[in-house]
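See structure below.
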């Protein structure tokens, strides 16, 4: 779950002259793009806004080759595909001076093709923002096989991705198998199907990855993530500055283990968004959690639109003890009776502590679903006190 791909498409180019766009073999991709100057910054950067038409194909290798010859400074690329548009985009998306990459609505090919290329390590990391959204990644069976066979040769760059990222969005991603006639003779060590999940085992990749600048990570809406997941973010990764982690609408029925004890793995996390999943219980281990060092803002666990009916006494007591975590349980099937009394007391304490209108409205909008006579009543409604007395 935590080894997903990360990069974002807005590539900026610093101080380009018209001579930089002289036709060469590496400039074919520019015919699909418009160059605009990014405003609102101290320096002017060029952003290439590219549109791939139906039936069209853009090669990231062309962008990389162009950057190695023509780039005089940092630049950005934003790629949007019409239906049927394709992009050849080998992970880990490295190009000289590329600081922002965005790809939306495309079919992606060649994703695994450079996993063991040692020459990729010769390109410095520059990428700060990566957005991959609403795409389908077509994984070739032969690429999958070659990756498995050469697992020991996967480079640190391919394992970790770019450690310079500040923000990564990998939203609404779907993985599809692409089989050709030449793939039929491939032997997956006795597996006669490529439907095995996680070809690259989590414990096979041993590189240490520290994302020292990453503050926002969004992996929402990728329900097939587990099927062909490369787990490029290794289990021994460090996220010392991550403030926001969004995992909305991922079809989770349980809180992933590493998130149950999130404070150990994400010490600076301010927002954990697990809304719109299938969670049925509050499964966080809060025993070792203490009040944070945030003086003006609380930490938020967003559990809206799940299937949670109650919070255990132990969980509620830890939330009261910690004192700066707000759990958003709006639009859950809460059963309002004495078993929810401790959680209700915790909500009352948060309501008194945080007096801004937004927070108080959030807390007031946590409502009973059952029993039916209390449906849509606020858990904080004082007229309901007797329902919470055992």
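Residue numbers (mature numbering (1 follows the signal peptide of the UniProt record, and there is no 0)): -21 to -1, 1 to 369. From the three backbone atoms N, C-alpha and C, an ideal C-beta is built for every residue, glycine too. Keep in mind that this is a model prediction, so the values were computed, not measured.
Quiz item: In the structure shown, what three-state DSSP assignment does residue 364 receive?
Solution: helix
Quiz prompt | N-terminal and C-terminal residue of the alpha helix (DSSP H) that residue 374 is part of | solution = Missing from the structure shown is residue 374; the chain here goes from -21 to 369 and no further.
Quiz prompt | Close Cβ partners of residue 152 (< 7 angstroms) along its chain, the five nearest in sequence each way excluded | solution = 111, 114, 116, 201, 204
Self-check item: Nearest-angstrom Cα separation, counted from residue 329 out to residue 371
Solution: Nothing about residue 371 can be read from this structure; the chain reaches only from -21 to 369.
Quiz prompt | Euclidean distance between Cα positions of residue 266 and residue 297 | solution = 7 angstroms
Quiz item: On the three-pair Cβ rule with 8 angstroms, is the segment 63 to 78 touching the segment 30 to 41?
Solution: yes
Quiz item: Hey, how far is the Cα of residue 143 from the Cα of residue 14?
Solution: 24 angstroms
Quiz item: DSSP on residue 94, reduced to helix/strand/coil?
Solution: coil
Self-check item: Bounding residues of the alpha helix (DSSP H) (the contiguous stretch that carries residue 223)
Solution: That residue, residue 223, is in no alpha helix (DSSP H); its beta strand (DSSP E) goes 223 to 225.
Quiz item: Nearest to residue 101 by CA position, among 286, 56, 137, is which residue?
Solution: 137
Quiz item: In the segment 217 to 261, which residue ranges form an unbroken alpha helix (DSSP H) of at least 4 residues, counting only runs that do not cross its ends?
Solution: 236 to 239, 241 to 244
Practice problem: Using alpha carbons as the reference points, say which of 305, 356, 350 lies closest to residue 338. | Solution: 305
Self-check item: residue 103 to residue 47 span [Cα, whole Å]
Solution: 11 angstroms
Quiz item: What number of angstroms, rounded off, separates the C-alpha of residue 358 from the C-alpha of residue 369?
Solution: 16 angstroms
Quiz item: Do residue 307 and residue 282 have their CB atoms nearer than 7 angstroms?
Solution: yes
Quiz item: Nearest CA to the CA of residue 123: which residue from 150, 98, 156?
Solution: 156
Self-check item: Whole-Å CB distance - residue 316 paired with residue 287, under 8 angstroms assumed
Solution: Not confirmed; about 15 angstroms, so no contact.
Practice problem: Just the C-alpha distance for residue 56 and residue 269, rounded to the nearest angstrom, thanks. | Solution: 42 angstroms
Self-check item: Exposed unless 16 or more other CB atoms sit within 10 angstroms - verdict on residue 129
Solution: exposed
Exercise. To the nearest angstrom, report how far apart residue 106 and residue 253 are at their CA atoms.
Key: 27 angstroms
Quiz item: Near residue 94, what residues of its chain come up, given a Cβ to Cβ distance below 6 angstroms and the 5 sequence neighbours on each side ignored?
Solution: 126, 133, 137
Practice problem: State the CB to CB distance for the pair residue 79 and residue 99, rounded to an integer number of angstroms; the pair is presumed to be in contact (CB under 8 angstroms). | Solution: Not a contact, Cβ separation roughly 19 angstroms.
Exercise. Pull up the distance between the alpha-carbon of residue 249 and that of residue 10, whole angstroms please.
Key: 43 angstroms
Practice problem: Would you kindly report the start and end of the unbroken beta strand (DSSP E) that includes residue 24? | Solution: 24 to 31
Exercise. Go ahead and label residue 42 buried or exposed: buried means 16 or more other beta carbons lie within 10 angstroms of its beta carbon, across all protein chains shown.
Key: buried
Self-check item: Boundaries of the alpha helix (DSSP H) in which residue 137 is found, first to last residue
Solution: 135 to 139
Quiz item: Are residue 227 and residue 194 close, meaning C-beta to C-beta below 7 angstroms?
Solution: no
Quiz item: On the three-state DSSP scale, how would you describe residue 103?
Solution: coil
Practice problem: Express the C-alpha separation of residue 245 and residue 234 in angstroms, rounding to a whole number. | Solution: 15 angstroms
Self-check item: Identity of the residues DSSP links to residue 329 by a beta bridge
Solution: Looking at the DSSP assignment, residue 329 forms no beta bridge with any residue, so it has no partner.
Quiz item: Would DSSP call residue 153 helix, strand or coil?
Solution: strand
Self-check item: Exposed unless 16 or more other CB atoms sit within 10 angstroms - verdict on residue 207
Solution: Here the model assigns residue 207 a pLDDT of 36, short of 50, so the residue's position is not dependable and the matter cannot be decided.
Quiz item: Under a three-way DSSP split, which group does residue 60 fall into?
Solution: strand
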